[in-house]
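Data block below; observations after.
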Amino acid sequence: MKEGLQDNNRRPWAMGLAQGYRIGILLGERSNAFWSHMEEQYMALAHKMGIQVTQRWPAPRQTPQSQLRALKAMLDLRFDAIVVNPMTRTNLVSGIKEAVDRGILILDVGAKTDPDAVKEAAPLYRPVRTVDFFEQGFLGGRYLVEKLKSVGGGRVAIIEGRKNSAQSLGRSQGAFQAFCEDPGIHLAFRKPADFHRGKARELAQKIMFLEPELKAFFCANDTMALGVADALGQIRREGRVLVVGVDLIEETRQAIQEGRVTASVFFSPAQVAEVVLGTALNILSGKSQVDYGPVPSVVVDRTNLCLYC
Numbered sequence: 028m029k030e031g032l033q034d035n036n037r038r039p040w041a042m043g044l045a046q047g048y049r050i051g052i053l054l055g056e057r058s059n060a061f062w063s064h065m066e067e068q069y070m071a072l073a074h075k076m077g078i079q080v081t082q083r084w085p086a087p088r089q090t091p092q093s094q095l096r097a098l099k100a101m102l103d104l105r106f107d108a109i110v111v112n113p114m115t116r117t118n119l120v121s122g123i124k125e126a127v128d129r130g131i132l133i134l135d136v137g138a139k140t141d142p143d144a145v146k147e148a149a150p151l152y153r154p155v156r157t158v159d160f161f162e163q164g165f166l167g168g169r170y171l172v173e174k175l176k177s178v179g180g181g182r183v184a185i186i187e188g189r190k191n192s193a194q195s196l197g198r199s200q201g202a203f204q205a206f207c208e209d210p211g212i213h214l215a216f217r218k219p220a221d222f223h224r225g226k227a228r229e230l231a232q233k234i235m236f237l238e239p240e241l242k243a244f245f246c247a248n249d250t251m252a253l254g255v256a257d258a259l260g261q262i263r264r265e266g267r268v269l270v271v272g273v274d275l276i277e278e279t280r281q282a283i284q285e286g287r288v289t290a291s292v293f294f295s296p297a298q299v300a301e302v303v304l305g306t307a308l309n310i311l312s313g314k315s316q317v318d319y320g321p322v323p324s325v326v327v328d329r330t331n332l333c334l335y336c
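So the sequence shown is residues 28 to 336, counted in the numbering used here.
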């Protein structure tokens with residue numbers, strides 16, 4: 028599978044624009060393997076581009092508040108730009124405004140911050156379009172709808188992530204829309220588990236106790252999908268209840284192969300890194316911001332898993 032941008036004319040580092048810029052990147056929860064993979068992708072691409080990248084985690088508690096503290100600490104490190112991955116639509120607003128007041132370019136990956144809260148921060152605050160969260164949820168939900176048609180539909184659940192998180196809101200609503208379009212599907216539960224494996228496991232246990240004939244779970248990320256799979260394993264329902272997540276992290280690949288997780292909505296972390304760092308370099312070099320378009324997403328299950336290794 029080819030990852031990354033295909034048009035070299037849209038790669039600013041291919042045009043000699045990289046000039047030793049220093050870019051800070053604020054990541055999400057270290058407990059989510061997706062972010063460790065993104066860390067690797069950013070480092071590899073920065074080396075290729077010839078720019079210096081420093082990455083920070085919201086330590087030690089991995090909360091929205093600790094992520095804000097990490098951002099404010101980064102403001103004193105003299106970065107040319109800071110890339111943020113907000114945990115909620117509002118948790119980094121004060122840090123973004125402070126950065127802009129200091130003249131620091133802020134790039135918001137996935138445009139996760141409430142635009143009304145930062146509308147006065149333009150033009151130094153730049154939302155960067157990457158994946159379409161609603162589309163990801165709709166793809167996962169529609170996949171479950173199609174799988175359940177052979178058994179006449181059934182009752183399903185949506186496991187949301189953190190409240191007020193853009194990716195959770197978009198993915199959950201996308202799955203909800205897909206379920207609503209089929210009269211044979213009935214949404215039994217729609218509850219948050221904060222993108223946390225243990226919380227998802229406990230929630231799935233409660234749901235299966237209350238709704239033992241539930242047919243499927245859509246989870247707003249793979250960490251929670253694995254938690255649901257853990258719960259199903261404890262009651263010997265693995266493979267009998269469908270589970271779909273988002274991100275296709277390495278452990279989920281193995282779980283799909285083993286039949287513990289049914290599918291995951293995949294998108295290319297390498298392409299996300301190219302869009303983000305390419306956008307930063309374009310702006311820092313005085314070029315106009317390029318809209319690379321949404322990074323495509325696709326449902327991956329056992330039938331096509333080998334194409335996304």
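No residue lacks a Cβ here, since even glycine has one placed at the ideal position from N, Cα and C. Given the structure is predicted, the values throughout are model-derived calculations rather than measurements.
Enclosing beta strand (DSSP E) for residue i [first to last residue]
{"i": "GLY272", "result": "269 to 273"}
{"i": "ALA108", "result": "108 to 111"}
Alpha carbon of residue i to alpha carbon of residue j, nearest angstrom
{"i": "VAL110", "j": "ARG224", "result": "26 Å"}
{"i": "GLU277", "j": "ALA290", "result": "13 Å"}
{"i": "GLY337", "j": "VAL178", "result": "For residue 337 there is no data in the structure shown, the boundaries of the chain being 28 and 336."}
{"i": "LEU253", "j": "ALA149", "result": "39 Å"}
{"i": "LEU32", "j": "GLY313", "result": "Confidence is the limiting factor: at LEU32 the pLDDT is only 48, short of 50, which leaves the residue's position unreliable, though a coordinate-based value still follows. Each residue's Cα considered, the two are about 21 Å apart."}
{"i": "PRO210", "j": "ILE52", "result": "44 Å"}
{"i": "VAL12", "j": "GLN284", "result": "Past the edges of the chain, shown from 28 to 336, lies residue 12, and the structure says nothing about it."}
{"i": "SER324", "j": "ALA297", "result": "13 Å"}
{"i": "LEU132", "j": "GLY180", "result": "49 Å"}
{"i": "ASP103", "j": "GLN94", "result": "15 Å"}
{"i": "ALA307", "j": "LEU54", "result": "16 Å"}
{"i": "ALA258", "j": "LEU230", "result": "9 Å"}
{"i": "LEU171", "j": "GLU301", "result": "31 Å"}
{"i": "ILE78", "j": "GLU162", "result": "32 Å"}
{"i": "ASN199", "j": "PHE244", "result": "The sequence as given places Ser at residue 199; Asn does not occur at that position. SER199 and PHE244: Cα-Cα distance of roughly 11 Å."}
{"i": "LEU134", "j": "GLY164", "result": "24 Å"}
{"i": "TYR152", "j": "ILE123", "result": "7 Å"}
{"i": "LYS99", "j": "PRO85", "result": "11 Å"}
{"i": "LEU196", "j": "ASN118", "result": "15 Å"}
{"i": "MET76", "j": "PHE61", "result": "22 Å"}
{"i": "GLN232", "j": "LEU241", "result": "12 Å"}
Where the alpha helix (DSSP H) containing residue i begins and where it ends
{"i": "PHE294", "result": "First-last for PHE294: 290 to 294, but that is the beta strand (DSSP E), not the alpha helix (DSSP H)."}
{"i": "VAL127", "result": "120 to 128"}
{"i": "ALA1", "result": "No answer is possible for residue 1: it lies beyond the span of the chain, which begins at 28 and ends at 336."}
{"i": "SER63", "result": "60 to 76"}
{"i": "ARG280", "result": "277 to 285"}
{"i": "LEU230", "result": "224 to 237"}
Residue burial classification, residue i (beta-carbon count within 10 angstroms, cutoff 16)
{"i": "PHE293", "result": "buried"}
{"i": "LEU304", "result": "buried"}
{"i": "CYS336", "result": "exposed"}
{"i": "ASN331", "result": "exposed"}
{"i": "VAL327", "result": "buried"}
{"i": "CYS246", "result": "buried"}
{"i": "ARG267", "result": "exposed"}
{"i": "PRO239", "result": "exposed"}
{"i": "ASP143", "result": "exposed"}
{"i": "SER315", "result": "exposed"}
{"i": "ALA71", "result": "exposed"}
{"i": "GLY188", "result": "buried"}
{"i": "GLN68", "result": "buried"}
{"i": "GLN261", "result": "exposed"}
{"i": "GLY320", "result": "exposed"}
{"i": "GLY286", "result": "exposed"}
Bridge partners - residue i, DSSP secondary structure assignment
{"i": "CYS246", "result": "ILE186"}
{"i": "THR81", "result": "GLY51"}
{"i": "LEU214", "result": "VAL183"}
{"i": "PRO219", "result": "GLU187"}
{"i": "VAL327", "result": "SER291"}
{"i": "GLU265", "result": "VAL268"}
- Query: Where in the region 130 to 201 do unbroken runs of the beta strand (DSSP E), each at least 3 residues long, occur, reported from the N-terminal end onward?
  - Reply: DSSP assignment within the region 130 to 201 yields the following whole beta strand (DSSP E) runs of 3 residues or more, N-terminal first: 132 to 136, 152 to 155 and 181 to 187.
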